[in-house]
Structures are given as C-alpha cells and as structure tokens.
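First up is the structure itself, then whatever we jot down about it.
There are 4 protein chains.
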Amino acid sequence: MSLNSYGHLFRVTTWGESHGPALGATVDGCPPGVPVDEAYLQQFLDKRRPGQNKNMTQRNEPDAVQILSGVFEGQTTGTPVQLMIENTDQRSRDYGEIAQTFRPGHADITYHQKYGLRDYRGGGRSSARETAARVAAGGLARAALKELAPGIEIKGYMTRMGEMEIDRSAFDWDAIDSNDFWIPQGPEAAAAWEAYLQKLRKDHNSVGAEIEVVCRGAPAGLGAPVYGKLDTDLAAAMMSINAVKGVEVGEGMAAATLTGTENADEIFMGENGPEYSSNHAGGILGGISTGQDIVVRFAVKPTSSILTPRKSIRMDGSPTEVVTKGRHDPCVGIRAVPVGEAMMACVVLDHLLLHRGQVGDGPRGTIG
Amino acid sequence: MSLNSYGHLFRVTTWGESHGPALGATVDGCPPGVPVDEAYLQQFLDKRRPGQNKNMTQRNEPDAVQILSGVFEGQTTGTPVQLMIENTDQRSRDYGEIAQTFRPGHADITYHQKYGLRDYRGGGRSSARETAARVAAGGLARAALKELAPGIEIKGYMTRMGEMEIDRSAFDWDAIDSNDFWIPQGPEAAAAWEAYLQKLRKDHNSVGAEIEVVCRGAPAGLGAPVYGKLDTDLAAAMMSINAVKGVEVGEGMAAATLTGTENADEIFMGENGPEYSSNHAGGILGGISTGQDIVVRFAVKPTSSILTPRKSIRMDGSPTEVVTKGRHDPCVGIRAVPVGEAMMACVVLDHLLLHRGQVGDGPRGTIG
Amino acid sequence: MSLNSYGHLFRVTTWGESHGPALGATVDGCPPGVPVDEAYLQQFLDKRRPGQNKNMTQRNEPDAVQILSGVFEGQTTGTPVQLMIENTDQRSRDYGEIAQTFRPGHADITYHQKYGLRDYRGGGRSSARETAARVAAGGLARAALKELAPGIEIKGYMTRMGEMEIDRSAFDWDAIDSNDFWIPQGPEAAAAWEAYLQKLRKDHNSVGAEIEVVCRGAPAGLGAPVYGKLDTDLAAAMMSINAVKGVEVGEGMAAATLTGTENADEIFMGENGPEYSSNHAGGILGGISTGQDIVVRFAVKPTSSILTPRKSIRMDGSPTEVVTKGRHDPCVGIRAVPVGEAMMACVVLDHLLLHRGQVGDGPRGTIG
Amino acid sequence: MSLNSYGHLFRVTTWGESHGPALGATVDGCPPGVPVDEAYLQQFLDKRRPGQNKNMTQRNEPDAVQILSGVFEGQTTGTPVQLMIENTDQRSRDYGEIAQTFRPGHADITYHQKYGLRDYRGGGRSSARETAARVAAGGLARAALKELAPGIEIKGYMTRMGEMEIDRSAFDWDAIDSNDFWIPQGPEAAAAWEAYLQKLRKDHNSVGAEIEVVCRGAPAGLGAPVYGKLDTDLAAAMMSINAVKGVEVGEGMAAATLTGTENADEIFMGENGPEYSSNHAGGILGGISTGQDIVVRFAVKPTSSILTPRKSIRMDGSPTEVVTKGRHDPCVGIRAVPVGEAMMACVVLDHLLLHRGQVGDGPRGTIG
C-alpha cells in the first residue's frame, strides 16, 4: 500500500517536492513492447508547462523529462519505468517568513499539524508541480493505449471559469487546441475568457474552473464491481489533483434534479452493437463502460495564492496577513486540463489491463 | 488487490448477490478491544432497511446481521470480522424475460458484455442490496471510532430531491432523525417532500437526490499525500455507491464559479487552536483534515426501475420495451443516507489508523 | 492492504476462528465462466479433513463447504466467491485453565502480547483449522486452472517425517494417493512410517515433516520481477501455513553447498522448445517459470500440543506445566499436504492471470 | 499492486537496470522526523559495493546514493523518499553474442519468453545490481528504527560457503565486521574460507552460500495473522533476493526431523517478562514476534556466470557453449549479507508501523 500511488496493474507512484532537486514518477506494470521515448512524453509536459502564455505563471521550467529505466532500444521492457524531471528554476530566496506562516487555502497548516515539519519551499510536496509527474506517466499510458487500443482518443477542455461558461450548442472539438484555455469554442469566446481573466489578475484575484475530460473509443466492459468501478477510480484520480473539490460522471450532481423518465438512456441495436438514445450515464453503468464516450468533469478551486491580503496565523499562533507574491496562475484550471487527460489515460489503460487479466482478451458477452 | 474491497488498514470486502443465499462484509484490520455486538450493528441496518415506510420499497427483509468471526466475549480480537446477512425474501418467480433483457440504466448490459454471463436475479451483484454489507461494516467502524476518537459524530441527510431542496437558513440538525427523508427540516417540509414523491410514484416515475454527510470532531492531520488524500478516498467511497454520479467536498462544483478572495478560509487563533472564518474547503486542505467539519455531498440518479415503459434490447439484439414492476424505491436517495454515513465512518476510521501507523499517536505539529 | 489475504488478482481472504460459528474464504478475482460446485470443492476438503484415519486427530468435523456467492447456474460470475464452512464439532468445555495459560509453541502468548486479548478456544484464529478455508479456495483455483491451463497438474507428498525419509530412487507418483501419508512409495514404506508415528504417539510425542509440492505443465513466463517473483510468492504462501519453518525451491538450502559447475541446468533445444539437463532451479529462473516442473518444499515443525508436560507460565506470570490433552495430530505434516497443494494452485492461477493482464494472452518471445 | 514493491506501510519500490543510466528505490511511508542524510546511507552501500577485495568482482562502481526527495533540512518529511544511484561504470562493449544467447542459470531465457524482449546488458533488471537499491532503502529503514526502536540491532553473517561451515561453538559476534566473509569467526577461519574460494576461482568455478540474519531487541507483538505474518514477510523478502533458493526461520528445514519434546521452547518468567529455554522458533510464534532474537537464514546458489563452458542455446534455437568472462563474484553470498540485513530492517520497521497503526503505541497484553 503506497499513499503516493494510484492504479491497480498500471501503478504510478509520484515523488518529489516543488523545490527539491527533482521530481518524477515510478511506473510499474507498463506492458512490454510499447514504443516510447522522451520526445513523445515531452509533448504532454509542454502542454502543462508554466510560462507558455500570459494566462499562466511565468516561472520558466523546461520540465524536461528523462527516462531512467524500463525502456530499452525504444521499447518498454515490462520493468519499472522511472520518469524524472529536474527542478531547474529554484530561485534562491529568503524563506524566513513563509517558513513560519500558514498560507490560507494551502496545505501548509495541515502538513505542519500532521507531520510536525514540512518542506515550506513553494508548497513542497503539496505543490501543483507534482502534477508534472502525473503528466509524464499519462504520456506513457497514452503510448501503451496506442498499442493496445488504438481507437481510443482522450481529450480535456475547460467548460467554465468563474462567470465564463462554454456554449455547448457551439461546441467545437477541433478548436480545443487552438486557444490558451483549451475551450471547445471559437476565437471570440477565447478572447472574452482572456479579458475576464486578465481583469481578475489586475484585481489581484484568481478564479476557479471546471474541466471536462472525454475518452472516446473505449470498449464496453472496462471496470469492475464494486469498489474497482471505472467511475470510482476516475473520481479518485480527479479528486487527487490539487485544488479539485468536485467530480462528476455524465449528469453528475444534476442527476439529483432529474426524474427517472428524463434520465433513462434508452438502448437500441445499431450496426456495430448497442446504441443509446443519450448519455446521461457518462458511458458507465454499474461501474463498467458501455462503449459510449466516458465523460468526467471536475471543479478546481481558485488559486489560493493571491495578491489580496488574507488573514492568517503563524506557527506561534500570532496573527498575520498573507499576500502571496511569487509567480502564480490566476486560474490553475488551465493547467489542470492536461493533468485531467493524464489521469484519464492512466485509469483507462489500467482497466484495460485489469480486464485482460481477469476476463481475457477475447470477446465475452456478445449481443445480437 | 481486491476490486471488491476498500480501505487501507480498515479493509472492507463486500460479497454476495441480491438473490443468493446471503451477502456480507469481510472486515480485516479492525483494532482489537472494540466492544461490539450484533444488536449494535443492527440499528444501522434497520435505518437502511426496505419496507419501513411508504416512501421505500415494500420488500420485507429483516436484514439481520450475524457476526461469524473476529469478536470474542463482546470485543473485537484484531482478526477478520465476518458480517453476514441472509437473504430471506427471495420470491420465487419466472426470470425468463428478465434473463434475456437489458434494463435501461442498469448494469445488466455491461455485466453481460464484460463477463459473458450474469446473475440476472434482481441485479445480482450490482443490486443496491450490496450496500447492506457496507452499512454493517460502517457500524463496526463506528464502534471502533467510539473507542479511538469518542468526540467524532457522523451524520447524513438529504439536501435535494428533484425539485425539492432544503432551506439552509432553517437547517435543523436535530430534525434529521424525525422524518422519512432524513432532512434537517421541520415536519412541514417533510410533508411537502412526501407529497412530491408520492405524486411521482403515482406517475410511474422516480427522482434523483443529493445527500450530504458531515463528520464533526475529527482531529486535524488525517489524510496523506497525494493519492491517499482524505478527499480522494471519500470521493472513491461515495462514487462507489450504486447510482452515484457526482461527489463534492466543501464548495464542490461551485468552486469553479468563485474567485480567490471569495473562496479563502481565513485562519485565526482560537482558544483550542486554529479556527477558520469559513469552510469552503469542506474541512480538508491538501488532502489532510483541518479539524473543521468534513463535508461531503453526492448525487444519486433517479431509480432506473420505473413503471413507465423504456425502450431497450434483448440479448439477441431484438427491440423490446421494459416496464419494471417489482418493488422499487421511487427515490433510492433516501436509503443512500445511511450508506453515505457508513462510508464516511469507514474512511475516517481508516485514516485514523493510517495516521497512527505512519506518524504515531502523540501530537505532531502544535500551533501557538 | 489486508493482512489476512494473499494473491494479486486471485485474491483470497480467509476469516474465522477454530471454535466460532464458521470460517471461510472470500475469494475476489476468480475469472468468470468457471464451472464449479460444492461437490467439486468438497473433495479437497475431504482430503484435509480430520478423523479420516488413526494418524490424524479424531475430531470429527464434516467440513462441508457452502458457496454463498459468486457462482450462478454452476459457473463463476466474476464477482466475489464466498466459501463458508460451519464449525459443527465445538465441544462445550471448561476453558478456565487454558484461558489463563500460554501453551509452549503456540501463538497464545504472542496474540496476548499483541492484542491484549485472544480467542483462547482451540487456538482461535491461529488454529490450523484456518487452513480448511485455504483448501476450499485452492479447490476454486484448481477449477479455474482446468479452464485456463488444462495441462497443469499439482501434486503434494511427504518427503520426510522425523527419521523417516522417502527413497527418491523408488519414487512412485501413482502411489501418493494410496497411503495415509501421501508418500510416493509402496505399501511397505507406508507401513514403516505408520509404525514410526504410532510409536511416537504412544510415547506422548509428535514429529515434524517435510512436504514437497510439484506443479507440472505450467507454461514458461509466469512470475514477475522483482518482488512479484513466482518463488517469492510461493515462499510467502508456504511460510504462511501454520507451523512451517522453512521453504525451498529446487535445490533449496542445499544450493549453499554446490559449486557453479554442479548447479548449472544446461539448456538444449527439444522438439517443443527449450529443455534442460537438470532442474536444480526448481523450474524458476529470475522469478519466472521456465516451463519445467515447479518444485517447492517446506518443513513443518512437530505438533506443539503433546501429552508430555512442558513448562510454561500463566497470564499472571506464575509457572505451570502444560499437558495438551485434546485431539491432536501427532504429525500435522500429513494434513499440510493438501494445504500446500492449495497454496500452489492459488499462486499459479494468480500468476497466470497477472501474466495475461500485463503481457497478454498470446505468445511473446519464441525460441527457434 | 506493484510487482516491484515490498512492504505494507514502509513501501519500497525499486527500479532500474544494470546498465541503464541509474537505478534506485522509491520509498513511500517513511515516518516523518527521521534524521538521515546521504552519508548515513552510503555506509551500507559501501558494505555491499563491488571491488572492495579480491573475493568480489572488480567492477568499480562508487555506488553513490543521492536523496532526491522526502528529506528536508536533514529530516524525513513523511513524503516519498527517492534514492538514486547512478551507473557510472557501464563499459561500452559489443553485446552482439550475449544479445542472442541465453546464459544457463540466468533469467535471460525467462525474460525473453515472458516479455518478448529484454535488456540484455549485464542482466538488465534481473542483475544483482538491483540489490544496491534495496540496501539504500534498508539504510533508511535503519535510520527510522533508530528513532522508533533504538534497542534494535540487525546483523547478518555467512554460515556456510560450499564445504566451509561456521563452528557455532566458536561464534564470535564481534568478529563479523573484521573479515571479508562476514563470518562470526576468528582470522584463521577467514583465511581458510579465502583459500577455499580462491581455489574455486582459479578452477573457473563458483560456490553457493548460506547467510543468517538476526534481529535483536525487537519487541514482542510484531506480525499479524495470517498472511501478514512476520515470518511470511521475511520469507518473501529473502526469497526475492537474486539467487536465493531457500529460506528458514529458527530451526528451518531441520524442524522436519525433530520431535515435539525436542522442539518445545519452554517458557519461564524472567525479570523483564517471559523468557524461553531455547529459540527453535526463531523468535516468531503464530507469525508474531516473541521478543527473542528473530533468526532467518537463506541459501544463495553458486554464481551462474563462470569461466567453465556450459551448454546452452541461442534465440534461434541453435546450440552454443557459454563462458561468462566479465567481472563476477565467485560467491555472490558475500554480497548477499548486507542485502539480507537491509531486507530484515525494512520488514521489521514495516511491522513496527503496522502494529502501531492497528493496535496502537501503548502496551497491550501484559504478563505478570
């Protein structure tokens, strides 16, 4: 049992602190024979990397991932893959005040209360930098999915940022990669989102966000009763991301407002198997995939590090006000998009392997 | 690795099908010396039991829990506790049609696709009857919590059912146990909820619900980075309950709409340690408890088994219409309240044990 | 993490005490579609059952196994299989003295020191009766192996009992089932073993034993680096059996006395793939099966419960002498044979499933 | 579930190949507040390091361990500790022949059969170099034990090497560190062992060894029924070391030859609690420590890489003869001593944490 690990057969353990020498992911259980190299993984790291545009923190880390083990002559060997990212932009500074102060909304106080000591440099282990390791592991998962289930496509995008919300009637899958917010909308929407965010930044404020991640092309049958459900694992995966406060599958929290007649996804026989009139279920029934799109949403709270003073206390109990200068994203939700994709990739691959182990490769129950 | 298990040190494995001879929970890792007997556990089973009132299915199971192991002379021994509930109300009937048909919204089709065969009697393993085993295990967790952390109180209640929503300005903690819906409201509200639900039932319809579960009195320091976070485990626990489609901690999905200044829980020094100006975080920072109330919400979809016909297919692919007669709750959310409480109890106990193992019993970081 | 469980994908959790109402095994991860019923499992229980012959304790338990879940219409469904054995021969007696006394060689004293209380009736959880649950689970594993790898045969036999040792030059595989000791020898040897054991019994003594378990027909490729090695899991499985003090694979402890030239298993190309000049390795190289016989041996200490008085202390520290009357096998090693077979079956099935999950069903590296 | 991990709460995952850029151990679950630095760990690495004397391979790796995470200002923080060792002595060479050939006694053939490809450079993942990572993790475990249970002492030594065997009547605990073989004997014995080994080396041969590891000062109560037994975990830990073929606790395999009267460890009341007349049990009863010395032995097979030609085949099935030149220990058992100590340290620490989690810090059952 490792508390810094996730996955059943594709098992990812992340390690490292924000301002230590390096951080990374130890991945055990990657299938052998998967073609992968550092350049392939780097594209996902680059998507998450700070400093790309003015809507992100200007901290300038190359976030170059190194493969230290488990890959030989361009292929995975079936042994643990160590993915390491060196921390290169650790500005030397005076941590005197921050070492004694608990920043509101941060894990400073709870780490102190739990462990009696903490790496106070940039949040240490609780920093969102940890998600770089997840993205590296997610890249490896995608490489394996390309081999095992080439029809699978995984895509994340923002659906809400404070007052801004996407217009689902104008949903444009192809636009996602063309704007700074990974929104499935045209350039005008992106411009409006940017104006909104820059206004917040100038106001020394920050804002929350909602991200949706979709997996297309996954076969029916992934997942397992009753605590290894696909949605259970997805909920855990997304909730484990820094600052996430809610996770939804399909209708999500809105399911509480629906009636049974409204919520039913009726079933028809299509040319290639069962089809559904709708996808309120988010592609999962009884914890097992239906073959429809797997749809997960999660909400990220506003960045706690803001320039507006917030009241807090020091370790000695004395009152203080915290103004977090540093380099911080006004909306961490932007960076959460590739992280959510990475978690989806890891969970789906893991369940593909689990299914193969427990049930076998061949077709099980056929219909029609 | 067991896919029908949850918990790290307090490890619960549930087993059994809706219409098999029995179902139950194998609980490993319960601390020794905990006073418990069947009568203590039974009170929680009785809260969840069908047939209590007309807002529930009239299936009449006594749901009597038996302790088969791990308890000696009224105390747990530290060895596995086997909790068994016999299925006594298995009406004999003709399953011919249901054996061939996939009920929309149920796991019939996905179990068939995954396994190639399924126990079609009443949903088999995917039936909500499985949650009786969770409630039994949750009772054991509560007994252990009484010994290890007697100040902890865990309470669940409905906050929404379709169009009905609680009035938080009239929140009444003491009213929860006095009405059929476990709502923290007076008898008038309960009457309105009942009228609403009975109308839906007569319309051959059902409805979703939102449940909130609160843990009061938990110490600061429970939880662990970064995939053994307290909220990660709570999200998994709640999402694993049948029909749940969303999980929230504190602000939940609404965090996406807030700004950093709005969302900040400012910290002050109180007489007994840190206090907070608010609890947007739901009592958890960086995955570790703050000592505030731990607040989790989840949404349950409407009962899929309704008397209104829904289109579906048979195993041979032929079209059909499904009308689910049988005995079904028009709102499974009512019964989900004690289940949510049970999961909270198990997760909190588990993290108390984990904390003790990894950090020790004594105080770690003190403040002031 | 469950401390009463073993296996990765085929996960067995045993529960129950010697004199409680029942004991059993909760098996998660059995593949679906395996034909099995109680009669099939019972044959393995019967082999282990006490009271069969005068070389065993005369305690007369039918040890009837019941399948409570996970099997439907004669086939496993892929959901947890609950195997329960009721304890029917719990003689009522006065436990006054035994409740206060620590029997030498038993876990009485360590359970007391660890937990502060213990089920003192017949050893409670530490009784060898727990192995009945393993044998039931092993029967299920054998049923699954028949489907997944029908060429596999698993057989255990005694190789030593005190001064008696088998003559490997007269090894007779077919004789194993024809004598009370499961020795691969003719009736004369069995008679000599019986005379030796009855002499010890009359002398109020007991004796240890060595058991060898062989798995024939397992494919090459089972096992995994470096802590999920096939021999690592076998060592843990066998050492977890009551009274076992040593485990060997292939040459075992004798490997310490060999030179490299003596120990080499040279490789040749046979008609159906690689063949070896010898099997010092016991069928495992680098933790992975070679396709040869998998050979494991383990030693069981003499029954600690004997009629010869042994010095000990009571809970209050006062000195006493213990004479264990009751019904006890003079050589628990006889009963350990089916237990060792069960553990081998569980481990081999588990690694077949793991291999399928991590590497896939199809052939990987071929030779020639 | 990770197949390259061991431990329950103190969870070690090793990664890396013999000739890759680096190898190491990811350690999750180390308690916070443990003083440790690289110099402390290095002393254990140095004990295992090749090239120290002429009885070891002359491969000259500094084996310098780096701490990349989890330690801050000289103390562990409770977050994952990454221990990395760079491979600096990777001689460039032509692997043409070795890439196609299976060395007898090595995992070349089984890795090929399992995975379809392998890192053939120096054994890749199956190389004994992997044990350097274990030794680093074991050093961390020792640092934690010093804090949690300062009375514990762990020591390993050779007890047999081919025809050479220690004289237990001349057992000298203090001599262990004074000779190249870690034998508890005086310089004359060490000289005889050296002469024996050099003779074998000149004969192009190698030899097996038996190592005993003792843990003194562990409290009673460590371990857990029935598959988390202390001896079960020790058996798995030792069997997972490269080339190990047998594991014994206390009497070990010899238990098969003893009678019940001979084997009994009688119990007396001493000044500080129970004392025993002997330690046939090796300090473990029912899987739980008694407070006596915990005694484990394991046998290592002779080095398979020898200069004497052995018959084998190539990947294409053609016959060949293998002469392993390279730099190889004539007796890998020497190097296995610190590895066995490291595994003992990890297992004992893990069970201390487990006991604390499941039962608590305070005293449980007292005697007298």
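Residue numbers (our numbering), protein chains in the order written: chain A, 11 to 378; chain B, 11 to 378; chain C, 11 to 378; chain D, 11 to 378.
Every residue, glycine too, gets a C-beta built ideally from N, C-alpha and C.
Query: Hey, does Asn282(A) have any beta-carbon neighbour from chain B nearer than 8 Å?; Result: no
Query: Would Gln208(A) count as contacting chain D if we go by Cβ distances under 8 Å?; Result: no
Query: Reducing DSSP to helix, strand and coil, say where Ile186(B) ends up.; Result: helix
Query: Is the region 364-378 of chain D close to the region 228-238 of chain D, with three or more CB pairs under 8 Å?; Result: yes
Query: Tell me where the alpha helix (DSSP H) around Met353(A) begins and ends.; Result: Gly343 to Gln368
Query: Give a yes or no on whether 8 Å exceeds the smallest Cβ distance from Pro312(D) to chain C.; Result: yes
Query: For the beta strand (DSSP E) that contains Asp38(B), what are its first and last residues?; Result: Ala32 to Asp38
Query: What did DSSP end up calling Phe20(D) once you bin it into helix, strand or coil?; Result: coil
Query: Quick check: is the beta carbon of Gly370(C) nearer than 8 Å to any beta carbon in chain A?; Result: yes
Query: Which residue from Ala143(D), Gly292(D), Ala151(D) and Ser314(D) puts its Cα closest to that of Ser28(D)?; Result: Ala143(D)
Query: Answer yes or no: do Asp47(C) and Gly84(C) have a C-beta to C-beta separation smaller than 8 Å?; Result: yes
Query: Using the Cβ count rule (16 or more neighbours within 10 Å means buried), how would you classify Glu198(B)?; Result: exposed
Query: Compare the C-alpha of His361(D) against each of Met11(D), His18(D), Thr318(D) and Ser12(D) and name the closest.; Result: His18(D)
Query: Select from Thr86(D), Leu51(D) and Thr89(D) the residue whose C-alpha is nearest the C-alpha of Val75(D).; Result: Leu51(D)
Query: Any idea what DSSP makes of Trp192(C), helix, strand or coil?; Result: coil
Query: When burial is assigned at 16 or more other CB atoms within 10 Å of the CB, is Ile34(D) buried or exposed?; Result: Ile is not the amino acid found at residue 34(D); the sequence shown has Gly there. Looking at its Cβ environment, which holds 16 or more other Cβ atoms inside 10 Å, Gly34(D) is buried.
Query: Which residues of chain C have a Cβ atom closer than 7 Å to the Cβ of Gly161(D), listed in chain order?; Result: Result: empty, since nearest Cβ-Cβ is about 16 Å, beyond 7 Å.
Query: Between which residues of its own chain and Ser132(C) is the CB-CB distance below 7 Å, once the five residues before and five after are set aside?; Result: Before going further, note that residue 132(C) is Gly rather than Ser in the sequence given. Around Gly132(C): Ser28 and His29.
Query: Say whether the region 195-215 of chain B touches the region 171-187 of chain B, bearing in mind that this needs 3 or more beta-carbon pairs closer than 8 Å, one atom from each stretch.; Result: yes
Query: Do you know offhand how far Gly39(D)'s Cα is from Pro90(D)'s?; Result: 7 Å
Query: Where Thr330(D) and Gly283(C) are concerned, what is the direct C-alpha to C-alpha distance, given to the nearest angstrom?; Result: 15 Å
Query: For Leu210(C), which option in Val259(D), Leu268(D) and Leu93(D) has the closest C-alpha, if you only look at C-alpha atoms?; Result: Leu268(D)
Query: Would you tell me roughly how many angstroms separate the C-alpha atoms of Glu258(A) and Gly238(B), rounded to the nearest one?; Result: 20 Å
Query: Tell me, which residues are paired with Tyr167(B) by DSSP?; Result: Glu222(B)
Query: How long is the line joining the alpha carbons of Leu207(B) and Cys356(B), rounded to whole angstroms?; Result: 31 Å
Query: If the cut is a Cβ gap below 9 Å, which residues of chain B does Glu261(A) touch?; Result: Gly218, Lys255, Gly256, Ala309 and Lys311
Query: Return the CA-CA distance between Leu13(A) and Gly227(B), expressed in angstroms with no decimal places.; Result: 24 Å
Query: Can you tell me where the alpha helix (DSSP H) with Ala202(B) in it begins and where it stops?; Result: Pro197 to Lys212
Query: I'd like to know whether the C-beta of Leu78(C) is nearer than 8 Å to at least one C-beta of chain A.; Result: no
Query: What residue from Pro42(B), Ser136(B) and Ser315(B) has the CA that sits closest to His214(B)'s CA?; Result: Ser315(B)
Query: Would you mind sorting Lys212(C) into buried or exposed? The rule is 16 or more other CB atoms within 10 Å of its CB.; Result: exposed
Query: Taking C-alpha atoms, which residue in Val306(D), Gly280(D) and Glu351(D) lies nearest to Leu150(D)?; Result: Glu351(D)
Query: To the nearest angstrom, how far is it from the Cα of Gly148(C) to the Cα of Gly297(A)?; Result: 29 Å
Query: Kindly indicate the opening and closing residues of the beta strand (DSSP E) around Ala309(A).; Result: Ile304 to Val310
Query: Going along chain C in order, which residues have a C-beta closer than 7 Å to the C-beta of Met11(A)?; Result: Met11
Query: Residues of chain A with a CB under 7 Å from the CB of Leu19(C): which are they?; Result: Gly367 and Gln368
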